[in-house]
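Here the protein sequences come in this chain order: A and B. Using my numbering, the first residue of the first sequence is number 1, and each one after it goes up by one. Using my numbering, the first residue of the second sequence is number 114, and each one after it goes up by one. Each residue gets a CB set at the ideal place from its N, CA and C atoms; glycine is no exception. One structure below.
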Amino acid sequence: EAGVTQFPSHSVIEKGQTVTLRCDPISGHDNLYWYRRVMGKEIKFLLHFVKESKQDESGMPNNRFLAERTGGTYSTLKVQPAELEDSGVYFCASSPGGNYGYTFGSGTRLTVV
Amino acid sequence: AQSVTQLGSHVSVSEGALVLLRCNYSSSVPPYLFWYVQYPNQGLQLLLKYTTGATLVKGINGFEAEFKKSETSFHLTKPSAHMSDAAEYFCAVSVRTGGYQKVTFGTGTKLQVIP
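In C-alpha cells:
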C-alpha cells in the first residue's frame, strides 16, 4: 500500500509569506496527525483529525497556523504569515486507530528566512 | 500527562559493539511504547512497539526493547551495531485520550557507528 505522502519535501520562504503543506494519509486511515520538530528539540504534537473533524488541536502554536482536512482525505497545514521560529520539520502521520502505531510521512522541511 | 526522557542526545559505538539507547517514560495509565528511527533525509520509521503481553519486544533490523514497569523504562538494544544503524532514534509513549491515541516523543538520540 502507498505510505503517507507529504509535499513539498522542502520549502524556503521569506518571513511574512504564506506556505501550505500537504499530507496524503494512507487510504482508509481515519486518524491524521501533524507534528513538528524544531531544530534540536523534541517532536511536538500539533493536532489530530478524525476524518474531517479536528479531534485535538491543543498543540497548534498560534492562530497563524490553520489546518484543514478536506472530506476526510488529504490535509493541509497553512502558515500565514510565516515567522522565523516556524522553521523546522513538519511531520504528518496517519493511523487506522486502535493499538496501531502511526505511519509517518517523510516530512516537510520548512525554512523561514 | 505522559512524558519521555531519552538519556544521551548522542551515542557512539564501534561497529560490532552492543547498542544501548535508554528511554524512561512517565504515564499515569498503562502506556503503549514505541521506538522510531529516522535515517538521514527520510521520515520516521517504526522500529518496534509494546502494547500488552510479552515485555521483550523484537523489531526490525535486529533491534529489541524490554518494557520494565518497575523501572518505567523501555531501553532499545541491538547486540552488534552495523554502519547502517547510524540514524536518530526516538522513543515515544502513547496513551488513550478521549478514546484516541496521543503519542508523545522524546528528544531523540543520534547514534554514530564508528568503523
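Are residue i and residue j touching if we call contact CB-CB under 7 Å?
{"i": "B/Val117", "j": "B/Thr217", "result": "yes"}
{"i": "B/Tyr202", "j": "B/Thr222", "result": "yes"}
{"i": "B/Val132", "j": "B/Ala194", "result": "yes"}
{"i": "B/Val142", "j": "B/Leu224", "result": "no"}
{"i": "B/Ser207", "j": "B/Tyr145", "result": "yes"}
{"i": "B/Gly172", "j": "B/Leu161", "result": "yes"}
{"i": "A/Lys54", "j": "A/Gly72", "result": "no"}
{"i": "A/Gly101", "j": "B/Leu169", "result": "no"}
{"i": "A/Gly107", "j": "A/Arg36", "result": "no"}
{"i": "B/Asn154", "j": "B/Thr185", "result": "no"}
{"i": "A/Thr111", "j": "A/Val19", "result": "no"}
If you follow the beta strand (DSSP E) that residue i is in, where does it begin and where does it stop?
{"i": "B/Val206", "result": "200–210"}
{"i": "B/Ala114", "result": "Neither: B/Ala114 is in no beta strand (DSSP E) and is coded neither H nor E."}
{"i": "B/Thr190", "result": "186–191"}
{"i": "B/Gln225", "result": "222–227"}
Since residue i and residue j should fall inside the 8 Å C-beta cutoff, what is the C-beta to C-beta distance between them, to a whole number of angstroms?
{"i": "A/Lys44", "j": "A/Gly59", "result": "6 Å"}
{"i": "A/Thr76", "j": "A/Glu68", "result": "5 Å"}
{"i": "B/Val126", "j": "B/Val226", "result": "6 Å"}
{"i": "A/Leu47", "j": "A/Glu57", "result": "4 Å"}
{"i": "A/Leu70", "j": "A/Val4", "result": "Reading off the sequence, residue 70 of chain A comes out as Thr, not Leu. A/Thr70 to A/Val4, Cβ: 16 Å. No contact."}
{"i": "B/Gly156", "j": "A/Gly105", "result": "5 Å"}
Can you tell me which of the three DSSP states residue i falls into?
{"i": "B/Gly172", "result": "coil"}
{"i": "B/Ser122", "result": "coil"}
{"i": "A/Ser87", "result": "coil"}
{"i": "A/Ser95", "result": "strand"}
{"i": "B/Ser141", "result": "coil"}
{"i": "A/Ser11", "result": "strand"}
{"i": "A/Ser27", "result": "coil"}
{"i": "A/Thr73", "result": "coil"}
{"i": "B/Ser127", "result": "strand"}
Give the residues of chain B in contact with residue i, contact being defined as C-beta atoms less than 8 Å apart.
{"i": "A/Lys41", "result": "Thr220"}
{"i": "A/His48", "result": "Tyr213, Lys215"}
{"i": "A/Gln17", "result": "Simply none; closest approach about 24 Å."}
{"i": "A/Phe45", "result": "Lys215, Val216, Thr217"}
Run down chain A in chain order and give the residues with a C-beta less than 7 Å from the C-beta of residue i.
{"i": "B/Gly172", "result": "Residues of chain A passing the Cβ test: none, with the nearest at roughly 11 Å."}
{"i": "B/Phe203", "result": "Ile43"}
{"i": "B/Phe176", "result": "Correct list: empty, because the minimum Cβ distance to chain A is about 14 Å."}
Could you list which residues in chain B have their beta carbon closer than 9 Å to that of residue i, in chain order?
{"i": "A/Gly107", "result": "Gln151, Gln155, Gly156, Leu157"}
{"i": "A/Asn62", "result": "What A/Asn62 touches in chain B: nothing, since even the nearest Cβ is about 21 Å away."}
{"i": "A/Phe91", "result": "Gly156, Leu157"}
Can we count residue i as close to the ligand ATP, meaning its CB is less than 6 Å from some heavy atom?
{"i": "B/Ser139", "result": "Although the ligand ATP was asked about, the structure shown includes no ligands whatsoever."}
Give the residues of chain B in contact with residue i, contact being defined as C-beta atoms less than 7 Å apart.
{"i": "A/Phe104", "result": "Gly156, Leu157"}
So residue i contacts chain C; which residues on that side make the cut at Cβ distance below 8 Å?
{"i": "A/Ser95", "result": "This model lacks chain C altogether, as its protein chains are A and B."}
Could you tell me which chain A residues have their CB closer than 9 Å to the CB of residue i, listed as they occur along the chain?
{"i": "B/Phe240", "result": "Residue numbering for chain B in the displayed model covers 114 to 228; residue 240 of chain B lies beyond these limits and cannot be assessed."}
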